[in-house]
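Engineer:
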Amino acid sequence: MKLQVYDLPGILARLSKIKLTGLVVSTTAAGFALAPGPFDWPCFLLASVGTGLASCAANSINQFFEVPFDSNMNRTKNRPLVRGQISPLLAVAFATCCAVPGVAILTWGVNPLTGALGLFNIFLYTCCYTPLKRISIVNTWVGAVVGAIPPVMGWTAATGSLDAGAFLLGGILYSWQFPHFNALSWGLREDYSRGGYCMMSVTHPGLCRRVALRHCLALLVLSAAAPVLDITTWTFPFVALPINAYISYLGFRFYVDADRRSSRRLFFCSLWHLPLLLLLMLTCKRPGARAPLPAERMGTPTTPFPPRPGCLLWRTMHRNVRKAPLQLVTAFTLVQFMDSLFVPQ
């Protein structure tokens, strides 16, 4: 198809999955806002722009790889590359023009740790999750990790460290994605099967429902952990209990009924559940934590002695990972392990 200049913004918006990118940026913003200390607007804007560009790049590369399969699905057959509205070369060029400045902004405008997380997430989405979708149902777990990283990036942008708050926010986003996506994919089983994608809802429907229910219940536990880790006040688990209980109830109905109606109810609940849960966390945020100094946020020492060349990123990641509570890291690992026990080999 002949490309018209005035059509290009809309085409690039669909290529970059602009609505999904908006969700990614909003979870990053929530992670930044929940971090301790006063709100730093310049750093917040740089983190949001960098994360948005990284998300646009990853989504564009994903569509580039999936053109032959998207053409077989009703849900994706109208994507720009499938319809020939844009050339593959232009799509790759657009992805490059988003990825390079996006990672650069996160690395030098925010801090090296956030830049490393952004680069890793682009790699994980395009080189691991995308090909796994046609190989194994493990892709759902990998995709959940991809979705869990943006709020972690928001936290590290504000604090320069991977500590308890970062892991808790990542855990909430990780668990939320299973009822969200499993319920969505349940109504698209025929489409995914026709496209050649290996999804739980297609190959292991019972597992699909069990995993969704299990992670609905996990949201209750994660919400209760927030005040224990001094991220929110004790008010939060109680005010969040009704919405967490409701999504758990819908997850149970989905597990028992196994029909399109129950899956739709769970999916639409997940759409308002996440923003409301994050809003409640912000409302109940624990005050009084010390804000990191600008030098600390950048991962540099506050002494007048400069770091050795080439060691800044490694020392930043090594020092900050040590700050993460062992119990929280262990709990997150156990959740992954428990899920893997139910994944057929």
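Using the numbering used here, you'd call the opening residue of the sequence shown number 1 and step up by one each time.
No residue lacks a Cβ here, since even glycine has one placed at the ideal position from N, Cα and C.
Going straight from the alpha carbon of Y69 to that of C198, what length do you get?
Structural biologist: Here residue 69 turns out to be Phe, not Tyr, going by the sequence shown. Taking the straight line from one Cα to the other gives about 12 Å.
Engineer: Grab me the residues of W234's own chain with a C-beta within less than 8 Å of its C-beta, minus the 5 sequence neighbours each way, in chain order.
Structural biologist: Closer than 8 Å at Cβ, skipping near neighbours: P227.
Engineer: Assign T232 to one of three DSSP states: helix, strand, or coil.
Structural biologist: In the structure shown, T232 sits in a strand (DSSP, three-state: E or B).
Engineer: Would you kindly report the start and end of the unbroken alpha helix (DSSP H) that includes S201?
Structural biologist: Segment M200 to T203, the alpha helix (DSSP H) holding S201.
Engineer: Could you please give the first and the last residue of the uninterrupted alpha helix (DSSP H) stretch that includes A95?
Structural biologist: Residues P88 to A104.
Engineer: Taking only three categories from DSSP, how would you classify K19?
Structural biologist: Correct three-state label for K19: helix.
Engineer: My assumption, with CB atoms under 8 Å, is that I172 sits in contact with L222. Please give the rounded CB distance.
Structural biologist: Going by Cβ atoms, the distance from I172 to L222 rounds to 5 Å, so yes, they are a contact pair.
Engineer: Got a sec, what are the start and stop residues for the alpha helix (DSSP H) E66 sits in?
Structural biologist: Run containing E66: none; DSSP gives neither H nor E here.
Engineer: Based on the DSSP secondary-structure assignment, which residues constitute the bridge partners of K285?
Structural biologist: DSSP, once it has assigned bridges, lists T232 as partnering K285.
Engineer: With a Cβ-Cβ cutoff of 8 Å, do G195 and N72 count as a contact?
Structural biologist: In contact: G195 and N72 (Cβ atoms closer than 8 Å).
Engineer: Output needed for S16: all residues of its chain with C-beta closer than 6 Å, excluding positions within five of it in sequence on either side, in chain order.
Structural biologist: Closer than 6 Å at the Cβ level, and outside the excluded window around S16, lie C56, N59 and S60.
Engineer: For L162, which three-state DSSP category applies?
Structural biologist: DSSP places L162 in coil when its eight states are reduced to three.
Engineer: With L113 as the anchor, note down where its alpha helix (DSSP H) starts and where it stops.
Structural biologist: That run of the alpha helix (DSSP H) goes P112 to F123.
Engineer: Using 8 Å for Cβ pairs, my map puts L23 next to L282. What's the rounded Cβ distance?
Structural biologist: 17 Å between Cβ atoms; not a contact.
Engineer: Beta-carbon within less than 7 Å of L117's beta-carbon, same chain only, minus the 5 sequence neighbours each way: which residues are those?
Structural biologist: Result list for L117: I149, V152, M153 and T156, in chain order.
Engineer: What separation, rounded to the nearest whole angstrom, lies between the Cα atoms of H204 and R265?
Structural biologist: If I take the Cα positions, the gap works out to 21 Å.
Engineer: Who are the Cβ neighbours of M200 in its own chain at under 8 Å, not counting the five residues just before and after it?
Structural biologist: Excluding residues within five positions, the ones whose Cβ falls inside 8 Å are I137, T140, N182, S185, L207, C208 and V211.
Engineer: Would you tell me roughly how many angstroms separate the C-alpha atoms of L104 and L46, rounded to the nearest one?
Structural biologist: Before going further, note that residue 104 is Ala rather than Leu in the sequence given. Near 10 Å, if we compare the C-alpha coordinates of L46 and A104.
Engineer: Leaving out the 5 sequence neighbours to the left and right, which residues in its chain are closer than 8 Å to L168 when beta-carbon positions are compared?
Structural biologist: These residues qualify, in order along the chain: L222, A225, A226, L229, I231 and L328.
Engineer: Three-state secondary structure (DSSP) at M73?
Structural biologist: DSSP places M73 in coil when its eight states are reduced to three.
Engineer: Using a Cβ-Cβ cutoff of less than 7 Å, which residues in the same chain neighbour D7 once the five nearest sequence positions on both sides are dropped?
Structural biologist: So no residue of the chain qualifies.
Engineer: Considering Cα atoms alone, identify which of T28, R79, L53 and S263 is closest to F178.
Structural biologist: Residue S263 is the option with its Cα nearest to F178.
Engineer: Tell me the rounded alpha-carbon separation between N320 and A158.
Structural biologist: In this predicted model, N320 has a pLDDT of only 41, less than 50, meaning its place in the structure is not dependable; the value taken from the coordinates is given anyway. One C-alpha to the other measures close to 13 Å.
Engineer: Taking the alpha-carbon of Y129 as reference, which of P36, V110, P42 and V146 has the nearest alpha-carbon?
Structural biologist: Checking every option, the nearest Cα to that of Y129 belongs to V146.
Engineer: Per DSSP, what kind of secondary structure is L12 in: helix, strand or coil?
Structural biologist: Helix at L12.
Engineer: Looking only at its own chain, which residues have a Cβ that is under 7 Å from the Cβ of Y125, when we skip the five neighbours before and after it?
Structural biologist: Excluding sequence neighbours, Y125 sits near A58, N62 and V146.
Engineer: Around the Cβ of G10, are there at least 16 other Cβ atoms within 10 angstroms (buried) or fewer (exposed)?
Structural biologist: The residue in question, G10, is exposed, as its Cβ has fewer than 16 Cβ neighbours within 10 Å.
Engineer: Which residue comes first and which comes last in the alpha helix (DSSP H) that contains D191?
Structural biologist: Its alpha helix (DSSP H) spans residues R189 to G195.
Engineer: So for H318, helix, strand or coil by DSSP?
Structural biologist: Note that H318 scores 42 on pLDDT, short of 50, meaning its location in the model is unreliable and no value can be drawn from it.
Engineer: What residue range is occupied by the uninterrupted alpha helix (DSSP H) comprising R83?
Structural biologist: Note, R83: alpha helix (DSSP H), P80 to R83.
Engineer: Could you give the DSSP three-state label for F254: helix, strand or coil?
Structural biologist: Three-state result, F254: helix.
Engineer: From P36, A95 and A30, pick the residue whose C-alpha is nearest to that of F65; which is it?
Structural biologist: The residue with the shortest Cα to Cα distance from F65 is A95.
Engineer: Is it buried or exposed, K19, if we count other Cβ atoms within 10 angstroms and call 16 or more buried?
Structural biologist: With fewer than 16 Cβ atoms within 10 Å of its Cβ, K19 is classed as exposed.
Engineer: May I have the straight-line CA-CA distance separating S270 from C284, to the nearest angstrom?
Structural biologist: About 21 Å.
Engineer: Have a look at L250, E190 and D163 and flag the residue whose alpha-carbon is nearest the alpha-carbon of H180.
Structural biologist: The shortest Cα separation from H180 among L250, E190 and D163 belongs to L250.
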